[in-house]
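Numbering (UniProt numbering), first residue to last: 1 to 125.
Note that the Cβ used here is the ideal one computed from N, Cα and C, for glycine as well.
Quick caveat, the model's predicted, so the values are computed rather than measured.
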Amino acid sequence: KLEGLKTIAVTTNGINLTRLLPRLKEAGLNAINISLDTLVPAKFEFIVRRKGTSLSSKATVLILAAIFGCLLYLQVNCVVMRGLNEDELLDFVDFTKDLPLDVRFIEYMPFDGKYSCFEILHGME
1 KLEGLKTIAV TTNGINLTRL LPRLKEAGLN AINISLDTLV PAKFEFIVRR
51 KGTSLSSKAT VLILAAIFGC LLYLQVNCVV MRGLNEDELL DFVDFTKDLP
101 LDVRFIEYMP FDGKYSCFEI LHGME
């Protein structure tokens, strides 16, 4: 732990988080951003490009909220994409409304300069 450092955070899709969380907590982790763009298992596998991970992030959110909600700052980030998940916005609100976390609907950020194959919904929409 570094003196003066108030927040140590990680952003993850949650696939390996439950396995790594004890060591991360020991290292001082006190905030987690979970990238969760869909609550539909098949869509999640498509997004993360891994089979067998269909419920990992949703389950991770529930586990973290139940166990660590009072110990960690939890946030779910959802990139809204037309043709993929724009029909799930109310489902996200319903899923997270009683959990000790924040959910943010954010715009896609093409870090590699490439855009998604889905049409992005912009903040003004």
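Exercise. In terms of DSSP beta bridges, what is Val10 paired with?
Worked result: Taking the first residue of the sequence shown as position 1, residue 10 is located at position 10. BP columns for Val10 point to Ile32.
For this session: Tell me Leu24's beta-bridge partners as DSSP assigns them.
Result: Position 24 of the sequence shown, counted from the start, is the residue given in the question as residue 24. Leu24 is not bridged by DSSP to any residue.
Problem set entry | Straight-line Cα distance separating Ser35 from Arg23 | Along the sequence shown, read from residue 1 onward, the residue named residue 23 stands at position 23. Along the sequence shown, read from residue 1 onward, the residue named residue 35 stands at position 35. Taking the CA atoms as reference points, Arg23 sits about 20 Å from Ser35.
For this session: Identify, in the order they occur along the chain, each residue of the same chain with its Cβ nearer than 8 Å to the Cβ of Gln75, setting aside the five sequence neighbours on each side.
Result: Locating residue 75 in the sequence shown gives position 75, where the first residue counts as 1. Sequence-distant partners of Gln75 (beyond 5 residues in either direction) whose C-beta falls short of 8 Å from its own C-beta, in its chain, are Ala31, Ile32, Asn33, Ile34, Leu101, Asp102, Val103 and Arg104.
Exercise. Smallest Cα separation from Val48: which of Thr12, Glu86 and Glu88?
Worked result: On the sequence shown, residue 48 is found 48 positions in, with the first residue counted as 1. Per the Cα distances, Thr12.
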